[in-house]
Structure formats: structure tokens, C-alpha cells
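Read through the structure below, which is laid out as C-alpha cells, and then see the notes.
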Amino acid sequence: MKISRIIGTIALVTVLGLTVNAQKNYKLEADVAFSGYKYYQAIEMYKKAYTKETKNEVKSEILFQIGECYRLKDDGKQAAVWYNKAIKAKYENPIAIYYVADIYKSEGRYEEAIVEFNKYKAANPGDKRADDGIKSCEAARGWKDNPTRTVVNPMPLLNSEDYDFSPTFADTKYEELYFTSTRQGSAGAEISDVTGMNFSDIYQTKRDNKGKWSVPVVLNETVNSPVDEGASCLNKKKNMIFFTRCGVEDKGISGCSIMWAKRAGQKWGEPELIKITEDTFTVGHPTISPDDNVLVFASNMPGGQGGKDLWYITYDAKAKTWSSAKNLGAEINTSADEMFPYIRDNGELYFSSTGHKGMGGLDIFKAKSTGVNQWSGVENMQAPLNSEANDFGITFEGDKERGFFTTSREGGKGGDDVWEFYLPPMLFTLEVTVKDIENGKVLSNAKIKLIGTDGSSAQGTTDENGVFMFEANGSDRYINSNTSYSLVVEKEKYLIAKGKESTVGIEGSKNFKHEYALQPFQDVVIKLPLIEYLTAKWDLQPQYKDSLNYLYNIMTENPNIIIQLRSHTDHRSSTKYNQDLSQKRAQSCVDYLVKEKGIHPDRIKAIGMGENEPMKGAGDVILTEKYIKSLKSKEEQDAALQRNRRTDFKVIGDNFVAPAPTTEN
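With the sequence shown counted from 1, adding 2 to any position gets you my numbering.
Here you go:
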């Protein structure tokens with residue numbers, strides 16, 4: 003139940019005005035215990051009151067109150083049992099149905115939870131929490147099925163069979179950790195009436211040079227006391243501690259307050275109270291900004307959005323006083339509970355909430371700093387950092403993407419446990435396979451160049467299988483995150499091929515695979531996309547310039563090749579006419595590439611082929627005049643004639659060297 007209690011069990015629970023049995027005071031005593039947050043005691047008294055009660059209406063209310071006790075001491079399983087008993091006993095307030103739905107959600111029973119949320123919606127259509135709960139269940143299913151790449155692990159050496167929560171780093175080297183625990187050995191030897199467990203204290207553990215954490219020991223007694231010590235934090239210099247203390251009897255405070263102390267050598271000085279609000283309200287879960295000037299905390303004080311809200315105060319160094327509290331507003335706070343804030347060094351605010359769309363129980367959220375003491379853009383951290391259980395109390399190891407958090411999920415040792423988390427680096431590989439486009443054979447010794455927008459570059463050569471893998475580059479990687487890459491693949495007597503790849507926006511490790519089919523140019527004629535002319539004309543039509551742009555791109559990507567651009571006609575008209583026409587058409591293409599696109603004239607020559615080189619058809623067929631005339635239909639003949647009317651090119655050299663620019667006198 004530690005989450006609810008250590009904020010002072012912050013919820014101010016209104017005791018229902020129930021009729022007191024005239025013969026016995028069990029119910030009255032239970033109500034008093036309940037209002038004092040002594041749920042463990044209240045449960046026993048309510049059960050006795052139930053056996054004595056005769057009125058069905060009051061009995062259903064008692065069943066509901068038992069469910070409330072279990073819920074507020076964080077025993078959802080038992081709470082659902084008693085809420086369902088109250089519903090069966092015709093308890094009138096539909097809130098019992100809502101709590102059952104919320105508990106099912108916190109247990110990951112999303113389908114059952116949706117059913118109960120719909121029941122609650124039917125009974126209380128004006129409450130948007132039903133729709134919010136359904137949306138949360140639907141989102142949670144997606145998050146569980148598609149978790150982020152964050153890795154989480156339990157820390158069995160740090161945890162006990164009791165409650166261990168709210169870790170925070172206690173030194174600038176991040177080798178010392180504080181957390182709160184209810185384990186045996188605390189300064190408060192008594193048993194709590196709220197939970198029937200030990201009072202909580204702050205413990206410490208240290209990491210050695212092998213990365214192993216020591217057995218936790220209780221912190222010195224200036225910080226710990228006979229009452230509850232809860233969530234704590236340290237400033238960036240780690241010479242000040244702020245922590246929650248519940249039941250500061252000598253100060254006349256029965257709820258929870260925030261204390262602070264300065265480090266004196268290796269020990270902490272005497273804690274002092276930070277006076278924030280009236281004694282009837284409770285505050286806790288402090289986090290301090292990197293500049294020590296802003297303290298964010300949780301409280302149930304009035305003026306918020308409802309439930310427990312996040313508030314902040316600012317420090318006046320000259321006056322050595324804290325300001326009055328201000329609410330973080332509806333962007334962060336909801337009508338439910340927001341608790342366990344943590345301000346990271348980069349200004350991001352992390353906190354836990356039962357009000358924002360989540361997976362169940364408390365989920366961890368983050369918000370970006372958008373101004374002075376302002377945060378917005380609340381994001382759920384999703385699975386696996388969050389679960390259907392309670393997840394809260396996160397802390398980061400400086401600017402590294404790792405740290406610790408608290409969870410009550412299965413896999414731990416006790417009620418709440420400290421777990422580690424880290425974000426593994428994204429590992430990208432690029433596998434390139436190179437083949438011959440004509441015969442499909444793999445090409446060894448092909449060179450592959452990789453150029454990144456981050457300024458990186460690398461190159462490799464394909465092996466006997468035509469493959470090269472860009473993966474580990476010493477302790478680094480060839481392929482980095484959030485980077486776009488250009489690839490150039492080249493091999494002697496083949497046209498260069500180019501490609502692109504990008505890791506921008508990719509959230510997980512990935513192996514990219516590219517296959518390039520290179521075009522050989524030795525003794526090979528390469529057909530260009532369709533270029534048509536008006537009858538008996540040779541002027542290049544604008545719509546066919548794109549076909550020549552294909553050749554232009556090849557020539558710019560392969561700056562050393564020299565080509566013949568060849569134009570072909572069909573057999574109609576005389577041989578001489580066709581020869582002259584094809585020469586003029588070839589020249590019009592060359593003129594476009596030289597005069598408009600800037601190709602050097604020494605790199606390209608126009609060749610009119612006339613009707614001298616008909617195309618090959620299926621099998622060994624040559625589309626000669628005789629063959630075309632033998633075709634039965636006019637459509638077949640026209641198609642064959644069209645295939646013969648074509649433009650192609652042939653590489654006749656790969657040794658072009660651009661002349662040096664001349665200097666005018």
C-alpha cells in the first residue's frame with residue numbers, strides 16, 4: 003500500500019455518513035479508523051460490524067468500505083472481491099463498478115475492465131472516466147504488444163520481501179543510491195495501523211568498481227525517525243537532501259511534510275521542515291531542479307485539479323525563503339492522482355499518474371520543459387517501463403539513458419521493488435548484395451561507398467558471394483541513428499548504381515538489406531525509354547526529354563564513360579531515307595544532352611542505324627521485314643515495327659578525362 007500511504011495516504015477520504023448500529027459501536031470505530039488512514043484496523047472493525055448489522059442498505063455500505071480499505075492500502079485483488087460483494091448486495095453508488103473496472107485494468111485484465119467500464123458508463127453516463135478507462139485499456143493492449151526498446155530488470159540484492167521504492171542517486175559519480183523501505187531494521191520499531199507493516203526508512207547502497215551494489219543499510223538517524231520517511235531527492239551537487247516525513251508529531255503535524263537537510267562531511271545534518279501549507283493538508287515526493295531553485299512536489303491541498311496534484315515552490319536565495327505553492331496546471335494534473343515527480347538535468351519532468359491514459363495503476367509519464375516552471379506534452383513511457391501494476395519513482399543516472407524506478411509488477415521480491423532500466427543503443431547494419439543485371443550472377447570485388455549526413459563515410463568490397471556487410475566499426479558502428487545515407491556501388495566495366503537509406507525516425511535496431519543489379523556495358527547495347535517522333539520528323543518532342551534525362555543521369559553518375567547514341571527505324575521507306583532520318587534523330591538527342599544538359603561533346607556521338615539492326619523477338623527470332631510481313635494480324639505487325647523504332651546507347655569507352663579549365667588572359 004506504500005504508494006498511497008507515503009504521500010501521507012494523501013487522499014483526504016470523506017467518511018460516508020452511515021447509520022450507526024445502536025447496539026454496537028464497531029461501525030463507528032471502523033469509520034474513525036478509516037478517517038485516520040488506519041485501514042488495517044478498520045477492515046477488522048468493519049467485518050465485525052457487518053456480522054452485527056441487520057439493514058441490507060447499511061450492510062452493502064460496509065462491504066463497500068471494506069473494499070475501500072483494501073484499495074487504499076493497495077490490495078486491489080481483495081478490493082475487487084469486496085466491491086463485487088457490495089454490488090451484489092445492491093450498493094447504490096456505481097462508483098463501486100468503476101473501482102472494479104480500474105482494478106481489472108491494473109491487473110492487465112483489459113477485456114474484463116472494458117466490460118465493467120461500459121457498465122459504469124451506463125450507470126453514470128456523465129462521468130468521462132469510463133471513456134478514459136476504455137481508451138486506456140485499448141492503448142495498453144497496443145503498448146504491451148509493441149513495447150519500446152527499453153530494458154528493465156529486477157534488482158534482487160537491493161529489494162526485500164517488504165516495500166522498497168523511490169530510488170535516487172546520492173553522489174555526483176552515481177555510485178551511491180538511496181531508496182525507501184519498510185524492511186526490518188528501520189528506526190521506527192512500531193507496526194503501522196494503516197498497513198500492519200513496519201514504518202519506512204531511507205536506506206543506502208553503494209556500487210563498487212565491478213558494478214556490484216552493496217547490501218543496503220539504513221541511513222543515519224538524523225534523517226530517519228520513528229515515523230515514516232518516504233520519497234527523497236538530492237540536489238545536483240548532492241549536498242542537500244529533501245525527503246518526505248509522515249507524522250511529524252513534535253511539529254504538530256499528523257500528515258506528511260517535506261524535510262530538508264545539508265550534508266556535513268559524510269553525514270547529514272539535522273533535518274528542517276519546509277513549511278508549505280496548512281497542517282490539515284499533506285505534501286510529499288519532492289524533486290529539486292538542477293539549479294536548486296524550484297521544488298516540485300505532490301499534495302492534496304485545495305486549488306488543484308482534483309486528487310493529488312503536482313505543485314511547485316521557488317527559492318529566494320537573498321531572503322532565504324520559499325514562495326507560496328503554485329499548481330502545475332491541467333496540462334500535467336488531472337482529477338485523479340499525480341505523484342512522484344522527478345526533474346531530469348535536461349529539464350524534463352517525469353511523474354506518475356492514475357489520471358492520464360495509462361496501462362493500469364500508476365504509470366510513469368514525461369513532459370518537456372516549455373518555459374519557466376512550465377511543462378507540457380505529457381507522454382506515457384509505455385511498456386516495458388510501465389505495466390498493469392504500479393510504476394513510479396524514476397531516477398536517471400545523469401544524462402545517460404539508464405537509471406532506476408519502482409514497480410509492483412510480478413518478478414520482484416516484495417510489494418514494491420526497485421528495478422533498473424536502460425535504453426540499449428540502436429544497432430544498425432547494412433547488407434549489400436551486388437549482381438549482374440544480365441545474368442543474375444553475384445559480383446565479387448564490387449566497391450561500395452557509404453556517405454552519411456552526419457559527415458561519416460565508409461567503403462567496402464563485396465566477397466565471393468557478392469556481399470558486403472556494414473556493421474561494427476571498432477567500438478563504433480558504420481550505420482548511426484538519425485542519419486541519412488547515400489550509397490554508390492561500382493565495378494569495372496559496369497555502370498555505377500546509387501541508392502539511399504535512412505535511420506531517421508527509426509526506434510529500434512534494424513538490419514537493412516540492399517540488392518543492386520549492375521548493368522555491364524562492355525559489348526552491350528542498352529535500350530533507352532521510348533522516344534517517338536512525328537512522321538518523317540526528327541525534332542525532339544518535349545514530352546520525351548525525360549527519356550533522355552535517364553541517359554543524362556547515367557552519364558553524370560559515370561563521368562568517365564564515352565557513348566554512342568543510336569537511333570533506329572523500321573524497314574518502311576528506302577534504306578537511304580531511313581539512314582538519313584535516323585542520323586538526324588540521333589543528332590537531335592545528342593544536341594539536347596550537349597546543349598541543354600551540359601554533357602561534354604567528346605563523350606557522346608550520334609549514330610544513325612536506319613533499318614540495319616532490327617530487334618530480336620522471342621527466342622531466336624529477328625524482327626526483319628520478311629518476318630514482320632509474315633505476321634497474320636495488323637496489330638502484330640504494328641507492334642513489331644514499333645519495337646524496331648527505338649533509341650539506344652552503347653558504351654565505347656570508360657577513359658574520358660575532362661579537360662582542365664582554360665584561363666583567359
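Don't be surprised by glycine CBs; every beta carbon is placed ideally from N, CA and C.
- Nearest neighbour of Phe66 by Cα position, chosen from Ile89, Asn382 and Lys50, turns out to be Ile89.
- In chain order, Ser183, Arg185, Lys415 and Gly416 place their CB closer than 7 Å to the CB of Ser162, counting only its own chain and leaving out the 5 sequence neighbours on each side.
- A Cβ-Cβ distance of about 12 Å is found for the pair Lys123 and Ala115, leaving them out of contact under the 8 Å criterion.
- Distance from the CA of Leu425 to the CA of Asp347, rounded to the nearest whole angstrom, comes to 17 Å.
- Non-local beta-carbon contacts of Ala608 in its own chain, meaning distances under 6 Å to residues more than five positions away in sequence, involve Leu567, Ala588, Gln589 and Val592 in chain order.
- Cα atoms of Tyr100 and Ala142: separation of roughly 18 Å, rounded to the nearest angstrom.
- Less than 8 Å divides the Cβ of Leu530 from the Cβ of Asp650.
- Each of Tyr579, Ala660, Lys61 and Pro427 was checked against the Cα of Asn562, and the nearest Cα belongs to Ala660.
- About 7 Å separates the beta carbons of Asp166 and Leu160, which is inside the 8 Å limit, making them a contact pair.
- Closest in alpha carbon position to Tyr317, among Leu221, Glu598, Asn375 and Arg265, is Asn375.
- The secondary-structure analysis by DSSP pairs Leu65 with nothing; it has no beta-bridge partner.
- Relative to the Cα of Phe119, the nearest Cα in the group Tyr480, Ala321, Ile136 and Asn329 belongs to Ile136.
- In its chain, beyond the 5 residues on either side, Ala81 and Tyr101 have a beta carbon closer than 7 Å to the beta carbon of Arg73.
- With fewer than 16 other Cβ atoms from the protein chains shown falling within 10 Å of its own Cβ, Lys175 counts as exposed.
- The C-beta distance from Ile453 to Ser488 rounds to 5 Å, short enough to fall under 8 Å.
- Going by C-alpha positions, Ala338 is about 12 Å away from Asp365.
- Assignment of alpha helix (DSSP H) within the segment 497-567, counting only whole runs of 4 or more residues, yields 547-559 in chain order.
- In the displayed model, Met199 falls within coil according to three-state DSSP, outside both helix and strand.
- Under the criterion of beta carbons closer than 8 Å, Val444 and Gly462 do not qualify as touching, at roughly 15 Å.
- Residue state for Tyr579 is assigned as helix, using DSSP reduced to three classes.
- Ranked by Cα distance from Phe398, the options Glu637, Glu177 and Asp76 are led by Glu177.
- Here Asn200 is buried. Its C-beta has 16 or more other C-beta atoms within 10 Å.
- Below 8 Å, too few C-beta pairs join the segment 513-525 and the segment 624-635 to call them touching: fewer than three.
- Here the segment 355-369 lies against the segment 326-342, with 3 or more beta-carbon pairs under 8 Å apart.
- Contact between the segment 541-555 and the segment 568-580 is not established, with fewer than three Cβ pairs separated by less than 8 Å.
- Under the DSSP definition of a beta bridge, Val229 lacks any partner.
- Per DSSP, the continuous beta strand (DSSP E) segment holding Phe181 begins and ends at Glu178 to Ser183.
- In the structure shown, Gly78 falls within a helical segment according to DSSP collapsed to helix, strand and coil.
- Around the beta carbon of Leu536, fewer than 16 other beta carbons sit within 10 angstroms, so the residue counts as exposed.
- Boundaries of the beta strand (DSSP E) harbouring Gln376: Gln376 to Asn382, taken from the DSSP string.
- Residue state for Met361 is assigned as coil, using DSSP reduced to three classes.
- Proximity to Gly413 across Arg111, Pro156, Met261 and Lys61 peaks at Pro156, based on C-alpha coordinates.
- Bridge partners of Leu432 according to DSSP: Phe472 and Phe514.
- In this structure, the straight-line span from the alpha carbon of Asn329 to that of Tyr352 is close to 16 Å.
- When rounded, the separation of the alpha-carbon atoms in Met557 and Lys599 is 11 Å.
- Listed as beta-bridge partners of Tyr41 by DSSP are no residues whatsoever.
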